[in-house]
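Residue numbers (the working numbering): 298 to 779.
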């Protein structure tokens, strides 16, 4: 195998290299006699009041279940020597010899899809073999990454769902029937990698069923046994409209109706290539109106520029004037034959403002869906919810000791102490306690999901969705989004 081939194969497959450089030297830094290192993951606050925990099972299936090999150790030995870091070669060789390369660690976590207030433990990890006390921290880099990104996207998506449900409940006869397709994932091209698209797109599908991110469907099938997690409809892009020429804009639209306008079908057409208001008024609303009505399909008009709040309302007014409306059981107008999808400039603020503007002008929220791209999958980072994984306890020479940080310059970064559990509190909520504070019979919501190289508890995507849906009303921004 050439050096290039070796590097290419190891980029995602060699666990020893999926960490930070300084981790390689940490095995030399622990107190003499260290036997067990116990660490936990939490959101320390940030944008949201609650988190929708998601993504751990994908990591366990894709990465942590694969044993380390002698080739992995050899590759890491050479790379880290050249890199200038000490490397615990003997320790890793011993792990391969004693455990067949499987990870002697125990990971416990809340069931995926659980909605948990921030500042609470969501997952813990500890080594199960005292020889490998240094392994807990070595896995921090990828374990935290595996959790923070999909959980943050799932939480952001849930916050959007909570907002949409509030307006649907107020203005729509069938909120639960409408909500699954009210936020569509447009984010695949706006993220940094295929894996980000898959994980983030899958996290969005915890809350909704509309997506154009195909890799998210593959991920949900592979990691959560979901045969088909999301759906889409035929839709135009600018090139399929502008390719006809400006003077044939109406012909481009007519072709869309001819190709996709079947009874009961939906299809979307981006309509702002030149003048969105002219397109709605003179082309869709006049020249092609009867063709649309007779097709029996629903046309979804997509504005893609301008101020979302102003543009959506103006488009709704034009379409209402041309196609007419009916009034639903809650007294709000519903467009005939057409709907709107706003896919540009969508974030939690603009989504809420668009819905509010429609509401105050008498339109039902069922008239509109939204598409989010970078705002959904890319405009988040570890600080969005202030994610951290910290050691909270060590067993040294047979005795457990608390481990924590409490920086004088930022008490918000103070960490928890002891071996931790998550349990119910007296008010019906949840609280983080030390394991030794649990009273007899008090349940720990953390479940062992991985132990000694094996996944011991798994969940399905349907179960994740049910848990998330039951708590979605709690997911609200605690401050203005970043």
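The C-beta atom is built at its ideal place from N, Cα and C for all residues, glycine as well. Here the structure is a predicted model, which is why all the values come from computation and not from measurement.
For the stretch 325-361, the full-length alpha helix (DSSP H) segments reaching 4 residues or more read 353-356 along the chain. If you look at residue 759, you'll find it in the alpha helix (DSSP H) that goes 758-768.
When secondary structure is reduced to three states using DSSP, residue 701 falls in the coil class, being assigned neither helix nor strand. Taking a contact to require three or more Cβ pairs closer than 8 Å, the stretch 348-361 and the stretch 412-424 qualify as touching.
Of the candidates 745, 720, 746, 720 places its Cα closest to the Cα of residue 737. With contacts defined by Cβ atoms closer than 8 Å, residue 428 and residue 403 do not form a contacting pair.
Counting only residues of its own chain and dropping the five nearest sequence neighbours on each side, residue 386 has a CB closer than 6 Å to the CB of 374. When C-alpha distances from residue 529 are compared across 564, 669, 722, 451, the shortest belongs to 564. By the C-beta density criterion, residue 643 is buried, having at least 16 other C-beta atoms within 10 angstroms.
Under the 10 Å beta carbon count, residue 473 is surrounded by fewer than 16 other beta carbons and is classified as exposed. Residue 668: member of the beta strand (DSSP E) spanning 665-669, first to last residue. By the beta-carbon neighbour count (other beta carbons within 10 angstroms, threshold 16), residue 691 is buried. Just measuring C-alpha positions, the residue of 500, 543, 568, 516 sitting nearest residue 532 is 568.
Nearest to residue 395 by alpha-carbon distance, out of 554, 425, 408, 452, is 425. With three or more CB-CB distances shorter than 8 Å, the stretch 632-646 counts as touching the stretch 596-604. The criterion of a C-beta distance shorter than 8 Å is not satisfied by residue 605 and residue 570. Remark: C-beta atoms of residue 439 and residue 360 approach each other more closely than 8 Å. Secondary structure at residue 564: strand, using DSSP grouped into helix, strand and coil. Residues 404, 406, 754 of the same chain have their beta carbon placed closer than 6 Å to that of residue 746, with the five preceding and five following residues left out of the count. Under DSSP, residue 691 takes part in a beta bridge, and its partners are 334, 698.
The residues 629, 630, in chain order, have a CB closer than 7 Å to that of residue 659 in the same chain once the five nearest residues on each side in sequence are set aside. Residue state for residue 580 is assigned as helix, using DSSP reduced to three classes.
In the DSSP annotation of this structure, the continuous segment of the alpha helix (DSSP H) that includes residue 371 starts and ends at 367-380. Beta-carbon to beta-carbon, residue 313 and residue 370 are separated by about 7 Å, close enough to satisfy the 8 Å threshold. By the 16-neighbour rule on beta-carbons within 10 angstroms, residue 560 is exposed.
Ranked by Cα distance from residue 667, the options 475, 345, 524, 421 are led by 475. Bridge partners of residue 744 according to DSSP: 406. DSSP places residue 552 inside the alpha helix (DSSP H), whose first and last residues are 546-557. For the pair residue 538 and residue 547, the CB atoms are not nearer than the 8 Å cut-off.
A residue is called buried when at least 16 other Cβ atoms come within 10 angstroms of its Cβ; residue 587 does not meet this threshold and is exposed. Here the alpha carbon of residue 341 sits roughly 5 Å from the alpha carbon of residue 683.
In this structure, residue 535 keeps its C-beta atom at 8 Å or more from the C-beta atom of residue 673.
Secondary structure of residue 530 (DSSP, three-state): coil. The C-alpha of residue 580 is placed about 16 Å away from the C-alpha of residue 558.
Contact between residue 723 and residue 732 does not hold, since their C-beta atoms are separated by about 19 Å, which reaches or exceeds 8 Å.
Residue environment: residue 326 is assigned as exposed (fewer than 16 neighbouring CB atoms within 10 Å of its CB, all protein chains considered).
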